[in-house]
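Structure first, then comments.
Rendered as C-alpha coordinates:
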(Lines of atoms letter the chains of each structure in order from A and count residues from 1; the text may use other names and numbers.)
(Lines give C-alpha, C1' and ligand atoms only; values in the text may rest on other atoms or scores of the structure.)
Protein backbone atom coordinates (compact mmCIF):
# COMPACT_ATOMS: atom_id res chain seq x y z
CA UNK A 1 0.00 0.00 0.00
CA UNK A 2 3.06 2.23 0.03
CA UNK A 3 6.19 3.25 -1.84
CA UNK A 4 9.22 4.87 -0.26
CA UNK A 5 12.84 5.80 -0.71
CA UNK A 6 15.44 5.84 2.04
CA UNK A 7 18.47 7.89 1.01
CA UNK A 8 21.80 9.32 2.04
CA UNK A 9 23.76 12.34 0.84
CA UNK A 10 27.00 12.50 2.79
CA UNK A 11 26.11 12.81 6.47
CA UNK A 12 22.44 13.52 5.76
CA UNK A 13 19.86 10.70 5.92
CA UNK A 14 16.17 10.70 5.16
CA UNK A 15 13.01 9.09 3.84
CA UNK A 16 10.26 10.13 1.42
CA UNK A 17 7.08 8.05 1.30
CA UNK A 18 3.63 8.08 -0.30
CA UNK A 19 0.60 5.85 0.12
CA UNK A 20 -3.14 5.39 -0.17
CA UNK A 21 -3.10 5.33 3.63
CA UNK A 22 -3.86 8.27 5.88
CA UNK A 23 -1.01 9.93 7.80
CA UNK A 24 1.63 7.57 6.40
CA UNK A 25 4.34 9.81 7.82
CA UNK A 26 3.31 8.76 11.32
CA UNK A 27 4.18 5.14 10.57
CA UNK A 28 6.84 4.64 7.91
CA UNK A 29 9.92 6.93 8.17
CA UNK A 30 12.70 7.25 10.71
CA UNK A 31 16.22 8.69 10.68
CA UNK A 32 18.94 9.25 13.24
CA UNK A 33 21.85 11.68 12.99
CA UNK A 34 25.17 9.92 12.50
CA UNK A 35 23.48 6.52 12.12
CA UNK A 36 21.15 6.20 9.14
CA UNK A 37 17.50 6.01 8.10
CA UNK A 38 14.83 3.38 7.55
CA UNK A 39 11.29 2.83 6.31
CA UNK A 40 8.87 0.17 7.60
CA UNK A 41 5.78 -0.57 5.50
CA UNK A 42 3.32 -3.14 4.05
CA UNK A 43 2.13 -4.70 7.32
CA UNK A 44 4.30 -2.11 9.02
CA UNK A 45 5.89 -2.83 12.36
CA UNK A 46 6.69 0.52 13.94
CA UNK A 47 9.25 -1.01 16.30
CA UNK A 48 11.37 -1.89 13.25
CA UNK A 49 12.37 1.78 13.08
CA UNK A 50 14.08 2.02 16.44
CA UNK A 51 15.35 -1.56 16.24
CA UNK A 52 16.90 -1.10 12.78
CA UNK A 53 18.61 2.14 13.75
CA UNK A 54 19.86 0.57 16.98
CA UNK A 55 21.39 -2.27 14.95
CA UNK A 56 23.14 0.23 12.66
CA UNK A 57 24.38 2.19 15.69
CA UNK A 58 25.78 -1.04 17.12
CA UNK A 59 27.94 -1.44 14.02
CA UNK A 60 25.91 -3.90 11.98
CA UNK A 61 25.59 -3.51 8.21
CA UNK A 62 22.17 -2.70 6.76
CA UNK A 63 21.49 -6.24 5.54
CA UNK A 64 22.49 -7.61 8.94
CA UNK A 65 20.16 -5.10 10.61
CA UNK A 66 17.29 -6.31 8.42
CA UNK A 67 18.04 -9.94 9.19
CA UNK A 68 18.30 -9.33 12.93
CA UNK A 69 14.98 -7.45 13.21
CA UNK A 70 12.99 -9.80 10.97
CA UNK A 71 14.30 -13.22 12.05
CA UNK A 72 12.11 -13.56 15.13
CA UNK A 73 9.06 -11.83 13.65
CA UNK A 74 6.27 -14.29 12.82
CA UNK A 75 4.76 -11.77 10.38
CA UNK A 76 7.99 -10.81 8.61
CA UNK A 77 6.70 -12.34 5.35
CA UNK A 78 4.06 -9.59 5.25
CA UNK A 79 6.44 -6.70 5.84
CA UNK A 80 8.82 -4.44 3.92
CA UNK A 81 11.85 -2.66 5.29
CA UNK A 82 14.40 -0.30 3.73
CA UNK A 83 17.58 0.56 5.65
CA UNK A 84 20.52 2.84 4.80
CA UNK A 85 23.58 3.26 7.01
CA UNK A 86 26.91 4.98 6.62
CA UNK A 87 28.39 2.50 4.15
CA UNK A 88 25.64 -0.08 3.57
CA UNK A 89 22.03 -0.34 2.43
CA UNK A 90 19.33 -2.99 2.04
CA UNK A 91 15.73 -3.38 0.90
CA UNK A 92 13.64 -6.26 2.20
CA UNK A 93 10.29 -7.49 0.84
CA UNK A 94 8.53 -10.36 2.57
CA UNK A 95 7.24 -13.17 0.39
CA UNK A 96 3.61 -12.54 1.36
CA UNK A 97 3.48 -8.82 0.55
CA UNK A 98 0.63 -7.92 -1.78
CA UNK A 99 1.61 -7.48 -5.45
CA UNK A 100 3.19 -5.76 -7.10
CA UNK A 101 5.80 -5.68 -4.34
CA UNK A 102 9.57 -5.39 -4.44
CA UNK A 103 12.54 -3.13 -3.99
CA UNK A 104 16.08 -2.24 -4.93
CA UNK A 105 19.08 -0.81 -3.13
CA UNK A 106 22.42 0.58 -4.20
CA UNK A 107 25.03 3.27 -3.68
CA UNK A 108 26.61 6.11 -5.62
CA UNK A 109 29.29 8.67 -4.77
CA UNK A 110 27.03 10.54 -2.32
CA UNK A 111 25.74 7.54 -0.37
CA UNK A 112 23.28 4.69 -0.31
CA UNK A 113 19.61 4.32 -1.18
CA UNK A 114 16.86 1.73 -0.65
CA UNK A 115 13.60 1.87 -2.61
CA UNK A 116 10.60 -0.36 -1.89
CA UNK A 117 6.88 -0.59 -2.50
CA UNK A 118 3.84 -2.84 -2.32
CA UNK A 119 0.44 -2.86 -4.03
CA UNK A 120 2.12 -0.84 -6.76
CA UNK A 121 1.04 -0.26 -10.34
CA UNK A 122 4.06 -2.38 -11.32
CA UNK A 123 7.86 -2.71 -11.10
CA UNK A 124 8.22 0.46 -13.17
CA UNK A 125 7.39 2.48 -10.04
CA UNK A 126 10.58 1.33 -8.32
CA UNK A 127 12.56 1.52 -11.56
CA UNK A 128 11.58 5.15 -12.23
CA UNK A 129 12.35 6.08 -8.63
CA UNK A 130 15.83 4.61 -8.90
CA UNK A 131 16.47 6.42 -12.19
CA UNK A 132 15.30 9.74 -10.71
CA UNK A 133 17.42 9.29 -7.59
CA UNK A 134 20.57 8.57 -9.57
CA UNK A 135 19.88 11.44 -11.99
CA UNK A 136 19.49 13.79 -9.04
CA UNK A 137 23.12 13.56 -7.92
CA UNK A 138 24.23 16.92 -6.59
CA UNK A 139 20.82 17.95 -5.24
CA UNK A 140 20.27 18.46 -1.50
CA UNK A 141 18.87 15.32 0.14
CA UNK A 142 15.27 16.54 0.69
CA UNK A 143 14.96 17.70 -2.91
CA UNK A 144 16.49 14.48 -4.22
CA UNK A 145 14.17 12.28 -2.16
CA UNK A 146 11.05 14.13 -3.32
CA UNK A 147 12.25 14.03 -6.93
CA UNK A 148 12.39 10.23 -6.70
CA UNK A 149 9.00 10.05 -4.99
CA UNK A 150 7.39 12.13 -7.74
CA UNK A 151 8.90 9.83 -10.37
CA UNK A 152 7.33 6.84 -8.67
CA UNK A 153 4.00 8.63 -8.46
CA UNK A 154 4.15 9.51 -12.17
CA UNK A 155 4.78 5.83 -12.95
CA UNK A 156 1.55 4.81 -11.20
CA UNK A 157 2.59 4.69 -7.55
CA UNK A 158 0.17 2.96 -5.20
CA UNK A 159 -2.30 1.15 -7.45
CA UNK A 160 -5.19 2.10 -5.13
CA UNK A 161 -4.61 5.86 -5.51
CA UNK A 162 -3.19 8.74 -3.48
CA UNK A 163 -3.85 9.97 0.02
CA UNK A 164 -0.77 10.79 2.10
CA UNK A 165 2.93 11.54 1.74
CA UNK A 166 5.79 12.53 4.02
CA UNK A 167 9.43 13.62 4.09
CA UNK A 168 11.76 13.26 7.06
CA UNK A 169 15.50 13.96 6.94
CA UNK A 170 18.29 14.74 9.39
CA UNK A 171 21.83 16.12 9.17
CA UNK A 172 24.25 17.38 11.83
CA UNK A 173 23.70 21.05 12.69
CA UNK A 174 20.82 21.50 10.27
CA UNK A 175 17.34 22.83 10.93
CA UNK A 176 15.79 25.99 12.29
CA UNK A 177 17.67 25.81 15.58
CA UNK A 178 20.59 23.61 14.54
CA UNK A 179 19.06 20.55 16.23
CA UNK A 180 19.60 18.39 13.15
CA UNK A 181 16.13 18.10 11.59
CA UNK A 182 16.77 18.92 7.95
CA UNK A 183 13.12 18.49 6.88
CA UNK A 184 9.97 17.18 8.54
CA UNK A 185 6.93 17.57 6.30
CA UNK A 186 3.68 15.62 6.15
CA UNK A 187 0.60 15.56 3.95
CA UNK A 188 -1.87 13.45 5.90
CA UNK A 189 -4.90 13.46 3.59
CA UNK A 190 -4.81 14.97 0.10
CA UNK A 191 -5.93 13.70 -3.34
CA UNK A 192 -2.55 14.62 -4.86
CA UNK A 193 -0.36 13.99 -1.82
CA UNK A 194 3.07 13.60 -3.50
CA UNK A 195 2.66 16.83 -5.47
CA UNK A 196 1.39 18.60 -2.37
CA UNK A 197 4.49 17.39 -0.51
CA UNK A 198 6.66 18.87 -3.26
CA UNK A 199 4.82 22.19 -2.91
CA UNK A 200 5.39 22.18 0.84
CA UNK A 201 9.09 21.51 0.31
CA UNK A 202 9.27 24.55 -2.00
CA UNK A 203 7.68 26.71 0.71
CA UNK A 204 9.89 25.18 3.41
CA UNK A 205 13.04 25.91 1.42
CA UNK A 206 11.83 29.44 0.77
CA UNK A 207 11.34 30.17 4.45
CA UNK A 208 14.37 28.37 5.87
CA UNK A 209 16.88 28.80 3.04
CA UNK A 210 19.54 31.49 2.99
CA UNK A 211 20.09 34.22 0.39
CA UNK A 212 20.80 32.99 -3.15
CA UNK A 213 21.04 34.76 -6.46
CA UNK A 214 20.93 38.18 -4.78
CA UNK A 215 20.06 41.13 -7.04
CA UNK A 216 21.32 44.65 -6.30
CA UNK A 217 18.55 46.97 -5.08
CA UNK A 218 19.25 49.92 -7.34
CA UNK A 219 17.81 51.71 -10.31
CA UNK A 220 14.60 50.38 -11.86
CA UNK A 221 14.57 47.30 -9.63
CA UNK A 222 14.74 49.40 -6.47
CA UNK A 223 11.82 51.51 -7.66
CA UNK A 224 9.82 48.40 -8.56
CA UNK A 225 10.42 46.86 -5.13
CA UNK A 226 9.58 50.15 -3.41
CA UNK A 227 6.29 50.39 -5.29
CA UNK A 228 5.24 46.81 -4.59
CA UNK A 229 6.11 47.13 -0.91
CA UNK A 230 4.10 50.36 -0.74
CA UNK A 231 1.11 48.49 -2.17
CA UNK A 232 1.45 46.04 0.72
CA UNK A 233 1.57 48.90 3.24
CA UNK A 234 5.33 49.02 3.82
CA UNK A 235 6.78 52.48 3.14
CA UNK A 236 10.17 53.86 4.11
CA UNK A 237 12.74 56.28 2.76
CA UNK A 238 15.13 53.33 2.55
CA UNK A 239 13.74 50.54 0.40
CA UNK A 240 15.87 48.07 2.36
CA UNK A 241 14.02 49.01 5.56
CA UNK A 242 10.63 48.50 3.94
CA UNK A 243 11.83 45.17 2.53
CA UNK A 244 13.03 44.03 5.96
CA UNK A 245 9.68 44.93 7.55
CA UNK A 246 7.70 43.01 4.94
CA UNK A 247 10.10 40.04 4.99
CA UNK A 248 9.71 39.78 8.75
CA UNK A 249 5.93 39.74 8.36
CA UNK A 250 6.21 37.06 5.66
CA UNK A 251 8.77 34.91 7.62
CA UNK A 252 11.48 35.49 5.02
CA UNK A 253 14.08 37.05 7.32
CA UNK A 254 16.60 34.29 6.68
CA UNK A 255 16.78 35.34 3.02
CA UNK A 256 17.57 38.99 3.68
CA UNK A 257 20.93 40.22 2.38
CA UNK A 258 22.79 43.51 2.71
CA UNK A 259 23.77 43.07 -0.95
CA UNK A 260 20.19 43.40 -2.25
CA UNK A 261 17.11 41.21 -2.67
CA UNK A 262 17.06 37.44 -2.92
CA UNK A 263 15.59 36.35 -6.26
CA UNK A 264 13.07 34.01 -4.62
CA UNK A 265 11.96 36.78 -2.28
CA UNK A 266 11.45 38.97 -5.33
CA UNK A 267 9.28 36.26 -6.90
CA UNK A 268 7.08 36.18 -3.80
CA UNK A 269 6.83 39.97 -3.70
CA UNK A 270 5.80 40.14 -7.34
CA UNK A 271 3.19 37.44 -6.76
CA UNK A 272 1.72 39.08 -3.66
CA UNK A 273 1.82 42.65 -4.99
CA UNK A 274 1.14 42.31 -8.74
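In my numbering, the protein residues as written are 900 to 1173.
All C-beta atoms, glycine included, are put in the ideal place defined by N, C-alpha and C.
Sequence-distant residues of its chain with Cβ nearer than 7 angstroms to residue 1159 (five each side left out)
Same-chain partners within the cutoff: 1113, 1114, 1115 and 1116.
Which residues DSSP lists as bridging residue 902, in chain order:
Residue 902 pairs with 917 and 1016.
Starting from the Cα of residue 1177, find the closest Cα among 1129, 1135 and 910 and give me that residue.
Residue 1177 lies beyond the range of the chain shown here (900 to 1173); nothing can be said about it.
Residues that residue 1160 bridges to, as DSSP identifies them
DSSP, once it has assigned bridges, lists 1114 as partnering residue 1160.
Of the residues 935, 1095 and 941, the one placed nearest residue 955, counting alpha carbons only
Answer by Cα proximity: 935.
C-beta atoms of residue 930 and residue 1066 nearer than 8 angstroms:
No, the Cβ-Cβ distance between residue 930 and residue 1066 is not below 8 angstroms.
From residue 1018 to residue 1102, what distance separates their C-alpha atoms?
When rounded, the distance between both Cα atoms is 31 angstroms.
Determine the closest residue to residue 932 out of 1147, 1041, 984 and 1036, with distance taken between C-alpha atoms.
Checked all of 1147, 1041, 984 and 1036; the closest Cα to residue 932 is 984.
Is it buried or exposed for residue 1059, if we count other Cβ within 10 angstroms and need 16 for buried?
If you draw a 10 Å sphere on the C-beta of residue 1059, you find fewer than 16 other C-beta atoms in it, and that means exposed.
Take the Cβ of residue 1130 as the centre, count every other Cβ of all protein chains shown within 10 Å, and call the residue buried at 16 or more, exposed below.
Taking all protein chains shown into account, residue 1130 has fewer than 16 neighbouring C-beta atoms within 10 Å of its C-beta and is therefore exposed.
Which residues in the same chain have their Cβ closer than 6 angstroms to the Cβ of residue 1106, if we skip the five residues on either side of it in sequence?
The beta carbon of residue 1106 is closer than 6 angstroms to those of 1150 in its chain, skipping five residues each way along the sequence.
Just confirm the distance between the C-beta atoms of residue 1092 and residue 1062, as a whole number of angstroms; I'd bet it's less than 8 angstroms.
Contact between residue 1092 and residue 1062 holds, since their C-beta atoms are separated by about 6 angstroms, short of 8 angstroms.
So what does DSSP say about residue 928, is it helix, strand or coil?
Annotated three-state conformation of residue 928 is strand, per DSSP.
What's the gap between the Cα of residue 919 and the Cα of residue 1074?
Cα to Cα, the separation comes out at about 29 angstroms.
Buried or exposed by the 16-neighbour rule on C-beta atoms within 10 Å, applied to residue 1090:
Residue environment for residue 1090: exposed (fewer than 16 other C-beta atoms within 10 angstroms of its C-beta).
Sorry if obvious, but does the Cβ on residue 1063 come closer than 7 angstroms to a heavy atom of the ligand ATP?
For the ligand ATP, the structure offers nothing, since it holds no ligand at all.
Distance, Cα to Cα, residue 999 vs residue 1125?
About 56 angstroms.
Which whole-angstrom value is the C-beta distance of residue 903 and residue 927, which I expect to be below 8 angstroms?
Between residue 927 and residue 903 the Cβ distance is about 6 angstroms, and since that is below 8 angstroms, they are a contact.
Kindly provide the ranges of any alpha helix (DSSP H) runs that are 4 or more residues long and lie completely inside the segment 985-1035, ordered along the chain.
Every alpha helix (DSSP H) of 4 residues or more that sits fully in the segment 985-1035 is shown, in chain order, as 1023-1034.
Let me make sure I understand the geometry here. Which of 1154, 995 and 1096 has the alpha-carbon closest to that of residue 923?
It is 1096 whose Cα lies nearest to the Cα of residue 923.
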